[in-house]
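Sequence positions in the first sequence follow our numbering and run 159 to 722.
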Amino acid sequence: MHKLKTNISQFLAQKYNLSENDLYSSLDYPPDKKMGDLSLPCFKLAKSLRRSPQAIAEMFVCDFFCEGIEHVESVNGYFNLYISNEYLSKSLLDDILNQGEKYGSSDIGEKKNIVIDYSSPNVAKPFHLGHLGTTVIGHSLKNLFEFNGYNCIGINHLGDWGTSMGKQIAAYKLWGNRELIEEKGVDGLVELYIKFHEVAENDEKYFDMARNEFTKLENGDEENTELWKWFISISLEEFKIMYKQLDIVFDHYIGESFFSDKMTSQIEKLREKELLKVDDGATIVDLSEYNMPPCIILKRDGSTLYHTRDIASAVYRHDTFNFDRVLYVTAAGQNLYFKQLFKVLEMMGYDWADKLVHISYGTMSFGGSKLGTRGGNSIWLKQLINMSIEKVREIMKEKNPNLVNFDETAEAVGVGAIVYYYLSNGRIKDIDFKFEDALNFDGNTGPYVQYSYARACSVLEKAKNSNIDFEIGRISELQERELLLTLALFPEKIKNAVSEYEPSVITRYIYELASSFNRFYHECQILNCSDSKTAAFRIRLTEAVKIVLGKAFELICMKKTERI
RNA sequence: GUACCUUUAGCUCAGUCGGAUAGAGCAACUGCCUUCUAAGCAGUAGGUCGAGGGUUCGAGUCCCCCAAGGUACGCCA
Numbered sequence: 159m160h161k162l163k164t165n166i167s168q169f170l171a172q173k174y175n176l177s178e179n180d181l182y183s184s185l186d187y188p189p190d191k192k193m194g195d196l197s198l199p200c201f202k203l204a205k206s207l208r209r210s211p212q213a214i215a216e217m218f219v220c221d222f223f224c225e226g227i228e229h230v231e232s233v234n235g236y237f238n239l240y241i242s243n244e245y246l247s248k249s250l251l252d253d254i255l256n257q258g259e260k261y262g263s264s265d266i267g268e269k270k271n272i273v274i275d276y277s278s279p280n281v282a283k284p285f286h287l288g289h290l291g292t293t294v295i296g297h298s299l300k301n302l303f304e305f306n307g308y309n310c311i312g313i314n315h316l317g318d319w320g321t322s323m324g325k326q327i328a329a330y331k332l333w334g335n336r337e338l339i340e341e342k343g344v345d346g347l348v349e350l351y352i353k354f355h356e357v358a359e360n361d362e363k364y365f366d367m368a369r370n371e372f373t374k375l376e377n378g379d380e381e382n383t384e385l386w387k388w389f390i391s392i393s394l395e396e397f398k399i400m401y402k403q404l405d406i407v408f409d410h411y412i413g414e415s416f417f418s419d420k421m422t423s424q425i426e427k428l429r430e431k432e433l434l435k436v437d438d439g440a441t442i443v444d445l446s447e448y449n450m451p452p453c454i455i456l457k458r459d460g461s462t463l464y465h466t467r468d469i470a471s472a473v474y475r476h477d478t479f480n481f482d483r484v485l486y487v488t489a490a491g492q493n494l495y496f497k498q499l500f501k502v503l504e505m506m507g508y509d510w511a512d513k514l515v516h517i518s519y520g521t522m523s524f525g526g527s528k529l530g531t532r533g534g535n536s537i538w539l540k541q542l543i544n545m546s547i548e549k550v551r552e553i554m555k556e557k558n559p560n561l562v563n564f565d566e567t568a569e570a571v572g573v574g575a576i577v578y579y580y581l582s583n584g585r586i587k588d589i590d591f592k593f594e595d596a597l598n599f600d601g602n603t604g605p606y607v608q609y610s611y612a613r614a615c616s617v618l619e620k621a622k623n624s625n626i627d628f629e630i631g632r633i634s635e636l637q638e639r640e641l642l643l644t645l646a647l648f649p650e651k652i653k654n655a656v657s658e659y660e661p662s663v664i665t666r667y668i669y670e671l672a673s674s675f676n677r678f679y680h681e682c683q684i685l686n687c688s689d690s691k692t693a694a695f696r697i698r699l700t701e702a703v704k705i706v707l708g709k710a711f712e713l714i715c716m717k718k719t720e721r722i
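Structure follows, in structure tokens:
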């Protein structure tokens, strides 16, 4: 579609001495198919061409010629264009099939580095529903940017430091033992953590213990360091099960602890720049000039805080990865936090501070209340995924009990349902999680689109055994045309998703394409149609659907299922 | 109190840079399986785009004001 739009705007720009870019961006899709496939509103041109919009549209109609456009019309100041069936069924389809997996990609990223900080769960804590957002949005953005020629560096900024590690060590020493943790894994650690909070609530001395254990850890105490490393490895084992289900791989695991010795130089720098100020005992950077509360660098007792750590990590990332951008994928609740962080880095004189972007997303609640490790109503992502997989299994037992990769497929579809559900909405929307919605498999859902993909695969599998005419037919049905037009939109959807940092653009496109394919599938016999040239054409069309749908699945962390 | 976000069909949401008659899914109702996967397809019904002003050829979209809900605002991360 890009080529076509470019040719159209080029032609008009040259002929009437207009701006090609303006024309290009004015080219829109009409609300109704009867109004053509592309449309140019002529209202804005009225001034420079000194004619009425209607007259302009009519003038365009008289002079216009562009390959691929078979017919043009002037309607009430709109210049409407109709794309030829020949163009759609030959040039476009050839283009998609020739490019294959690369269709929709670009190299505008020029291999520039983009650091993406996402997922970042806390060690020894469950991976709960709230982590789903940062994990799938982050990885999806990573895929999208890579598809656009960027070199992405995915970093899992593990929460592996701070007094909560002290609590964990204290709890383990009080009530834990090696066998218990080895048997139960993270769940065992979480049980200890919850118990610690129950007990500590009524007794301040436990918090002192925790602080003490953390101080020992900071000072390199051998026993605590051993325990700490062990907790991390147990947690990672568990996290990696989930990441595998989601097809996610990180380039680096760089936890908070990594920066524990990299903060002092940054504090020095802040001091040199005379940005620090002591207020009520704490060391702060005053941001009142920018209408923000102060950024606390050091607590009253001199210890560091999250901001301190993130200043150090930003500098480290700049020095190490020479980034073009850093994306921090975290909840919208941290909007102010990141505004402060970016401002302080700017004040420190780091001219790359404007390359840091906070990608925020809405909060997830469950039954109206927020999720947390300590609260009673926290749902672990693991549990949800298992429920989803179980439901898929039951449906599959009814429909296709003898499927070869039964377990694998059930997992892909079950996990896909959750991912798709989450990524259907714009990321800024709050979600009150409801099982009946997330585990509904009808209509615009993960199982629906994976089912559509499997259908396409199934047809193509059968097509291998049939004799395909080497002559290829053309569009004969409306549904074929609609499907081709939908396929043509993929590249601009990709651009859109990237420029808005919005994976849901792809999710919505997947639905458009899947439903367009289903309409085509329902209306047009692919293999059994009377004419072998038409069959050849429809098989190619189905191949294109498989390519684009499959690529789009990958982009939003959904696995492809050849059969369901 | 201050700042930011959200508000579109009964529910969950799309709606591009302002462009033609505001679109999907769920739920409800009606049809379609001897034909390539019915987790499907076709159809019916459902709207004062939170309220009120303004900008203009044209506003769900931009500006102002108000309301409701959410989030964040100094020693957590």
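Yeah, the Cβ is synthetic: ideal placement off N, Cα and C, and Gly gets one too.
Are there 16 or more other CB atoms within 10 angstroms of the CB of residue i, so buried, or fewer, so exposed?
i: T478; result: exposed
i: L332; result: exposed
i: I586; result: exposed
i: S183; result: exposed
i: C200; result: buried
i: K192; result: exposed
i: C453; result: buried
i: C682; result: buried
i: P649; result: buried
i: G507; result: exposed
i: E414; result: buried
i: R613; result: buried
i: H160; result: exposed
i: I543; result: buried
When you compare only the Cα positions, how much space is there between residue i and residue j?
i: S518; j: V281; result: 22 Å
i: C715; j: K300; result: 10 Å
i: I352; j: R467; result: 26 Å
i: N560; j: E548; result: 17 Å
i: Q123; j: L499; result: With the chain covering only 159 through 722, there is no way to say anything about residue 123.
i: N686; j: L707; result: 23 Å
i: V555; j: A568; result: As written in the sequence, residue 555 is Lys, which differs from the Val given in the question. If I take the Cα positions, the gap works out to 10 Å.
i: A655; j: D419; result: 38 Å
i: T373; j: Q326; result: 13 Å
i: A601; j: L316; result: As written in the sequence, residue 601 is Gly, which differs from the Ala given in the question. In a straight line, the C-alpha of G601 is about 37 Å away from that of L316.
i: V407; j: K163; result: 37 Å
i: Q492; j: W388; result: 30 Å
i: A204; j: A213; result: 9 Å
i: K269; j: F303; result: 10 Å
i: L375; j: Y330; result: 14 Å
i: N676; j: I684; result: 12 Å
i: L463; j: K457; result: 7 Å
Going by DSSP, which residues form a beta bridge with residue i?
i: F365; result: The partner list for F365 (beta bridge, DSSP) is empty, contrary to what the question assumes.
i: P199; result: Y236
i: L456; result: T441, T462
i: G312; result: I274
i: L286; result: It should be pointed out that residue 286 corresponds to His in this sequence rather than to Leu. Answer is W538, bridged to H286.
i: N280; result: G317
i: H229; result: Y240
In this structure, does DSSP put residue i in helix, strand or coil?
i: I754; result: Nothing about residue 754 can be reported from this structure: the residues present for the chain run from 159 to 722 only.
i: V436; result: strand
i: C220; result: helix
i: L485; result: strand
i: D186; result: strand
i: F675; result: helix
i: W538; result: strand
i: L332; result: helix
i: V502; result: helix
i: N301; result: helix
i: S518; result: strand
i: G708; result: helix
i: G296; result: helix
i: G258; result: helix
i: S634; result: coil
i: P649; result: helix
i: Q172; result: helix
i: E629; result: coil
i: L561; result: coil
Quiz item: Whole alpha helix (DSSP H) runs in the segment 345 to 411 with 4 or more residues, listed along the chain?
Solution: 362 to 376, 380 to 403
| Which runs of the beta strand (DSSP E) fall wholly inside the segment 567 to 620 and span at least 3 residues, in chain order? | 589 to 591
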